[in-house]
Structures are given as structure tokens and as C-alpha cells.
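Novice: Take this structure, written in C-alpha cells, and hold onto it; I'll ask about it next.
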Amino acid sequence: EAGVTQSPTHLIKTRGQQATLRCSPISGHTSVYWYQQALGLGLQFLLWYDEGEERNRGNFPPRFSGRQFPNYSSELNVNALELEDSALYLCASSLDRGREQFFGPGTRLTVL
Amino acid sequence: GEDVEQSLFLSVREGDSSVINCTYTDSSSTYLYWYKQEPGAGLQLLTYIFSNMDMKQDQRLTVLLNKKDKHLSLRIADTQTGDSAIYFCAERVNTGFQKLVFGTGTRLLVSP
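Chains A and B supply the protein sequences, listed in that same order.
Take the first sequence: its letters are residues 363 to 474, numbered as in the working numbering.
Take the second sequence: its letters are residues 795 to 906, numbered as in the working numbering.
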């Protein structure tokens with residue numbers, strides 16, 4: 363069974379640009395979660411999507427947004443990039459709001 | 795409140811047991827998790843425990859939960875060099891929101 367996949371692996375942007383990160387959940391999983399792992403800040407919850415709807419968001423500004431498609435894959439968009447947005451962005455999926463969240467390998471975003 | 799704390803570093807010799815500790819503050823936590831992160835990789839779910847359990851064993855891994863003291867530990871028996879990684883504990887707070895709150899991570903170094 364294929365795990366959670368994320369693309370791209372690495373992304374380099376300049377300040378003020380927009381970044382789009384993609385995530386494909388494990389087949390059959392309907393919930394997708396996004397987390398940010400920034401140096402010195404640890405892992406922080408960003409967004410939770412389930413059945414195409416945003417169900418919960420963490421303490422992040424509105425320029426962090428996303429969506430979930432009918433096939434349950436998801437996109438995270440970060441607008442007006444700032445230097446401190448540089449981080450590893452991890453996507454996880456779970457079966458029907460289940461107790462186990464399985465993580466992908468992450469997208470490393472570097473903002474110059 | 796939501797706060798999860800771990801010690802930063804643990805060094806053991808190959809073949810010894812490792813014990814990684816974690817304390818959390820949210821008494822409404824329903825599940826507590828242990829994840830492993832190897833360099834440059836995402837998070838691997840190792841094991842989890844429901845909050846009404848005291849102990850869970852899974853091959854070389856033993857999880858102990860002291861709910862009164864809000865203390866969680868992960869014991870790895872017969873630690874191998876391949877166990878060298880960062881270990882995160884996490885709590886799932888308030889089942890309606892599905893987010894995981896992670897600790898700061900403990901870097902485990904296993905020497906031959």
C-alpha cells in the first residue's frame with residue numbers, strides 16, 4: 363500500500379511570492395492534515411481537511427490556506443511568503459477522522 | 795492548555811534499553827503517540843496508547859502512561875544503531891478537532 367506522498371520535495375521561493383504544496387493521502391483515507399516543522403518552533407498544526415471541507419486550523423495567518431479535492435488530495439497555499447515561512451511542511455492522512463495519522467516525507471520550503 | 799515537553803537528548807550504547815520521557819498538560823487528551831523522525835524524512839508512527847490504558851507493548855517498544863502525573867514514556871529494548879533518530883511524543887486533544895500537539899522531540903543517539 364502506497365503511503366502519503368507530497369510534492370515537490372524541495373521548493374525555493376523569494377519573499378513575497380506564493381507557494382503551492384501538494385499532498386496525496388493513503389488510498390481510502392478521507393482526512394488530510396498539514397503541519398509546519400520550523401527550526402526552533404517544532405511541529406505545529408496548520409490545517410485539517412475532511413470530506414472536502416476545512417474542519418480546523420491552527421494559529422496561522424490567513425495567507426496560509428488550502429483545499430481538498432474530490433479525490434481527497436490536498437493543496438496548501440502560502441501567499442506573500444516571508445522568510446520565517448521557511449520550514450518542512452508535513453502532510454498526514456487518516457481514515458475517516460481516525461486515531462492514526464500517517465505522515466508523508468514533507469516538502470522543504472526555503473524562502474530567500 | 796496544550797503543552798508537551800520532552801528532554802532534548804539521550805545517548806545510549808547498542809544493546810542497552812532506552813527510555814524517552816514526555817510530560818503533557820491537557821487532561822482531555824484521548825490518545826498519546828510516539829513518532830520517529832530520521833534525518834531528512836517525515837514522521838513514522840511507532841505506537842500509540844489510549845488514555846485509559848497504563849501500558850502497551852509492541853515488540854521492542856513499551857509505552858507507559860501515568861495519567862495522574864500526565865507522564866508518558868517510551869522504552870526501546872535492545873536499542874540498535876538504526877534506532878538513532880528524533881522521537882516525538884504527541885497528544886490528541888479534544889477529539890472534535892483531530893489535531894496533534896507535539897513535543898519538542900528527543901534526539902536519541904545509539905553508539906556501537
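By construction, the Cβ of each residue, glycine as well, lies at the ideal position given by its N, Cα and C atoms.
What residues in its chain sit with their C-beta under 6 Å from that of S427 of chain A, if we drop five residues either side in the sequence?
Specialist: Residue 427 of chain A sits at position 65 when you count from the first residue of the first sequence. Excluding sequence neighbours, S427 of chain A sits near N439.
Novice: Is there a C-beta anywhere in chain A that falls below 8 Å from the one on L839 of chain B?
Specialist: For the purposes of this step, residue 839 of chain B is identified with residue 45 of the second sequence, where counting begins at 1. Closer than 8 Å: yes.
Novice: Mark P906 of chain B as exposed unless 16 or more other C-beta atoms lie within 10 angstroms of its C-beta, in which case mark it buried.
Specialist: To locate residue 906 of chain B, count along the second sequence from 1; it is residue 112. Its Cβ having fewer than 16 others within 10 Å, P906 of chain B is exposed.
Novice: Looking at the structure shown, is E462 of chain A part of a helix, part of a strand, or coil, going by DSSP?
Specialist: For the purposes of this step, residue 462 of chain A is identified with residue 100 of the first sequence, where counting begins at 1. Of the three classes helix, strand and coil, the one that applies to E462 of chain A here is coil, per DSSP.
Novice: Got a sec: is the Cβ-Cβ distance from E462 of chain A to anything in chain B below 8 Å?
Specialist: Your numbering for residue 462 of chain A matches position 100 in the first sequence. Yes, contact with chain B.
Novice: Between the beta-carbon of L452 of chain A and the beta-carbon of Q399 of chain A, is there less than 8 Å?
Specialist: Working through the first sequence from its first residue, we reach residue 452 of chain A at position 90. Working through the first sequence from its first residue, we reach residue 399 of chain A at position 37. For L452 of chain A and Q399 of chain A, yes; Cβs fall inside 8 Å.
Novice: Report the rounded CA-to-CA distance for L383 of chain A versus D877 of chain B, giving the unit in angstroms.
Specialist: Within the first sequence, numbered from 1, the residue matching residue 383 of chain A stands at position 21. Within the second sequence, numbered from 1, the residue matching residue 877 of chain B stands at position 83. Cα to Cα, L383 of chain A sits roughly 30 Å from D877 of chain B.
Novice: Taking the straight line between their C-alpha atoms, what separation do you get for G402 of chain A and I880 of chain B?
Specialist: Translated into the one-based positions of the first sequence, residue 402 of chain A becomes position 40. Translated into the one-based positions of the second sequence, residue 880 of chain B becomes position 86. For G402 of chain A and I880 of chain B, the distance between alpha carbons rounds to 14 Å.
Novice: Strictly below 7 Å CB to CB, what residues from chain A border A835 of chain B?
Specialist: Sequence index remark: in the second sequence, residue 835 of chain B carries index 41 (1-based). Going along chain A in sequence order, the residues near A835 of chain B (Cβ under 7 Å) are P467.
Novice: Going by the DSSP bridge assignment, what does E415 of chain A pair with across the sheet?
Specialist: In the first sequence, residue 415 of chain A corresponds to position 53, counting from 1. Answer is A:D412.
Novice: Distance, Cα to Cα, Y395 of chain A vs S448 of chain A?
Specialist: Within the first sequence, the letter at position 33 stands for residue 395 of chain A. Within the first sequence, the letter at position 86 stands for residue 448 of chain A. Taking the straight line from one Cα to the other gives about 19 Å.
Novice: Can you give the beta carbon distance from S811 of chain B to T875 of chain B, rounded, assuming they're within the 8 Å contact cut?
Specialist: Residue mapping note: residue 811 of chain B aligns to position 17 of the second sequence, counting from 1. Residue mapping note: residue 875 of chain B aligns to position 81 of the second sequence, counting from 1. At roughly 15 Å, the Cβ-Cβ gap does not stay under 8 Å, so S811 of chain B and T875 of chain B are not in contact.
Novice: Buried or exposed for Q907 of chain B, going by 16 or more other Cβ atoms inside 10 Å?
Specialist: Only positions 795 to 906 of chain B appear in the structure, and residue 907 of chain B is not among them; the question remains open.
Novice: Inspect the beta-carbon positions of V813 of chain B and F896 of chain B and report whether they are closer than 8 Å.
Specialist: Stepping through the second sequence from its first residue, residue 813 of chain B is reached at position 19. Stepping through the second sequence from its first residue, residue 896 of chain B is reached at position 102. Result no, Cβ atoms of V813 of chain B and F896 of chain B do not sit closer than 8 Å.
Novice: Please report the residue range of the beta strand (DSSP E) in which K850 of chain B lies.
Specialist: Within the second sequence, the letter at position 56 stands for residue 850 of chain B. Start and end: M849 to D852.
Novice: Let me confirm a value: H391 of chain A is counted as buried when at least 16 other C-beta atoms fall within 10 Å, else exposed. Which label applies?
Specialist: Counted from its first residue, the first sequence places residue 391 of chain A at position 29. H391 of chain A is buried by the Cβ-count criterion.
Novice: Can you find a C-beta in chain A that's less than 8 Å from the C-beta of Y881 of chain B?
Specialist: For the purposes of this step, residue 881 of chain B is taken as residue 87 along the second sequence, with counting starting at 1. No, its Cβ sits nowhere closer than 8 Å to a Cβ of chain A.
Novice: Given 8 Å as the limit, is there contact between the stretch 454–466 of chain A and the stretch 823–841 of chain B, that is, 3 or more CB pairs closer than that?
Specialist: As far as the Cβ criterion goes, the stretch 454–466 of chain A touches the stretch 823–841 of chain B, which means the pair count is three or higher.
Novice: Hey, how far is the Cα of T900 of chain B from the Cα of L840 of chain B?
Specialist: As a first step, residue 900 of chain B is located in the second sequence; it is residue number 106 there, counting from the start. As a first step, residue 840 of chain B is located in the second sequence; it is residue number 46 there, counting from the start. Distance between the alpha carbons of T900 of chain B and L840 of chain B is about 14 Å.
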